[in-house]
Amino acid sequence: MSVPRVDADHTVAAVLPPIEAVDTLAPEVLVDFATQTAALHARAMARLTTMGRSAARGVVDDECLTAEEVATHLQVSPEWVYKQAAKWSFAMKLAPKVLRIQRAGLLRWMAQRRR
3 MSVPRVDADH TVAAVLPPIE AVDTLAPEVL VDFATQTAAL HARAMARLTT MGRSAARGVV
63 DDECLTAEEV ATHLQVSPEW VYKQAAKWSF AMKLAPKVLR IQRAGLLRWM AQRRR
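To get our numbering, take the position in the sequence shown, counting from 1, and add 2.
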């Protein structure tokens with residue numbers, strides 16, 4: 003499937019239908035539509051978490067890690083990471099059981115703990 007590229011010279015409206023189009027959907031397709039739009043939202047949020055202030059220029063500023071990757075790195079359980087993430091400003095919960103932790107924030111946290 004070919005997806006048109008949306009850049010600074012174009013708008014998202016060029017690739018998405020107008021919001022009012024939801025009103026024309028048959029009731030039996032609304033659940034699938036809601037699922038697909040939730041997936042689009044989660045993917046957009048995941049991309050945003052990897053971009054810093056330089057995002058306007060399209061430059062990725064920080065890599066994000068999963069709870070499992072952080073757990074392996076810290077030699078703790080993923081459950082511990084999920085509990086700790088509630089205290090971390092550099093952790094973002096994108097959906098139930100979908101957590102992303104910014105590597106730079108984690109490294110700063112680790113450096114502070116070593117002091």
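From the three backbone atoms N, C-alpha and C, an ideal C-beta is built for every residue, glycine too.
message = In chain order, what are the residue ranges of uninterrupted beta strand (DSSP E) at least 3 long that sit wholly in the region 40-110?
response = 66-68, 93-97 and 100-104
request  = Compute the Euclidean distance between the alpha carbons of H75 and M47, then round it to the nearest angstrom.
outcome  = 24 angstroms
task = Answer yes if the region 20-32 comes into contact with the region 76-84, meaning at least three C-beta pairs across the two stretches below 8 angstroms, and no otherwise.
result = no
task = Inspect the beta-carbon positions of A97 and A44 and report whether they are closer than 8 angstroms.
result = yes
key: Rounded C-alpha distance that separates V61 from R49   = Reliability fails at V61, whose pLDDT of 43 lies under 50, so the model's placement of it is uncertain and the value that follows must be treated cautiously. Rounded to whole angstroms, V61 to R49 spans 11 angstroms at the Cα level.
query = Do you know offhand how far E65's Cα is from L108's?
reply = 11 angstroms
query = Quick one, are the C-beta atoms of L1 and T68 less than 8 angstroms apart?
reply = Because the chain is modelled from 3 through 117, residue 1 falls outside the range shown and cannot be assessed.
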